[in-house]
């Protein structure tokens, strides 16, 4: 599928991977709808895209709010008449032992990372069904497959995204709407600066942080060629399989490296 004239909503578009995706999709001819809480950052990004000859619409959006998400969809349709791809990228993480994470932060991660994803999906699915086409890309995390020390609260929010995506893939089977899951490891972006990379497990540090350009390329490929799930780096996929097959042994290893 060519991205030319495709309308793509990107949540969490104001910085990091979201911003990079938006720029890449615009270069490939897509109509990019920029969603995030920071209006100034979105307007600046939209101006950058427009100056380069691209098509972008900035819609300040808090995915924790139903009315914001509904406004996002309505403004997208008003501007472009179609909604082809939703990329659920908004999220944040606090990395610390469970007992050290206060409830407001736990609730916040669940509300943004999981409920925010669900709000956007619920808002776009009726549109995609009417169009008889659509692609949904949920950006989860390797933490949604395997919980390591200091990731428990964050992992819970991403496990929920993984579970919901897997259910949707069955529910949408045979329809012209696809739902893909991408589970990246730590990426070299401001997300992991804010999350305090130093407090993540030694396992994450062993694998290092992913090059954001590589992650954007993976996401772009899956937008055009949908697949059920992609885990990167692949070593984490092996860890997830080991966790299912040998849970006790894998937990001992995680405890040792964590």
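In this note's numbering, the protein residues as written are 10 to 267. From the three backbone atoms N, C-alpha and C, an ideal C-beta is built for every residue, glycine too.
Exercise. When the Cα atoms are used, what is the spatial distance from residue 228 to residue 28?
Worked result: Whole-angstrom Cα-Cα distance: 13 angstroms.
For this session: Within the same chain, show all residues whose beta-carbon is closer than 6 angstroms to that of residue 203, passing over the 5 residues directly before and after it, in chain order.
Result: At residue 203, the pLDDT of 46 sits below 50, so the modelled position is not reliable; the number obtained from the coordinates is stated separately. Taken in chain order, the list of residues that qualify is empty.
Problem set entry | Simplified DSSP assignment, three categories, for residue 44 | Strand, per DSSP.
Exercise. With distances taken from CA atoms, which of 132, 58, 225 is nearest residue 85?
Worked result: 132
For this session: Indicate whether residue 119 and residue 166 have their beta-carbon atoms separated by less than 8 angstroms.
Result: Contact flag set, yes.
Problem set entry | Member of 101, 19, 161, 189 whose CA lies at the smallest distance from the CA of residue 40 | 19
Exercise. Quick one: what does DSSP say residue 10 is sitting in, helix, strand or coil?
Worked result: In this structure, residue 10 counts as coil in the three-state DSSP scheme.
Exercise. Around the Cβ of residue 240, are there at least 16 other Cβ atoms within 10 angstroms (buried) or fewer (exposed)?
Worked result: buried
Exercise. What did DSSP end up calling residue 20 once you bin it into helix, strand or coil?
Worked result: Reduced to three states, the DSSP call for residue 20 is strand.
For this session: Alpha carbon to alpha carbon, how far is residue 150 from residue 156? Give it in angstroms, no decimals.
Result: Rounded to the nearest angstrom, the gap between the Cα atoms of residue 156 and residue 150 is 10 angstroms.
Exercise. Does the Cβ of residue 15 have 16 or more other Cβ atoms within 10 Å, making it buried, or fewer, making it exposed?
Worked result: Buried.
For this session: Taking only runs that begin and end inside the stretch 162–195, name each unbroken beta strand (DSSP E) of 3 or more residues, in chain order.
Result: Those beta strand (DSSP E) runs which fall completely within the stretch 162–195 and span 3+ residues are 186–193.
Problem set entry | With 16 other Cβ atoms within 10 Å as the buried cut-off, status of residue 111 | exposed
Exercise. Can you find at least 3 beta carbon pairs, one from the stretch 127–145 and one from the stretch 176–192, that sit closer than 8 angstroms?
Worked result: Counting C-beta pairs closer than 8 angstroms gives three or more between the stretch 127–145 and the stretch 176–192, which meets the contact rule.
Problem set entry | Status (buried if at least 16 other CB within 10 Å, exposed otherwise) for residue 160 | Buried, because 16 or more other Cβ atoms sit within 10 Å of the Cβ of residue 160.
Exercise. Going by C-alpha distance, which of 224, 181, 170 is nearest residue 196?
Worked result: 224
Problem set entry | Beta-carbon spacing of residue 128, residue 78 below 8 angstroms | yes
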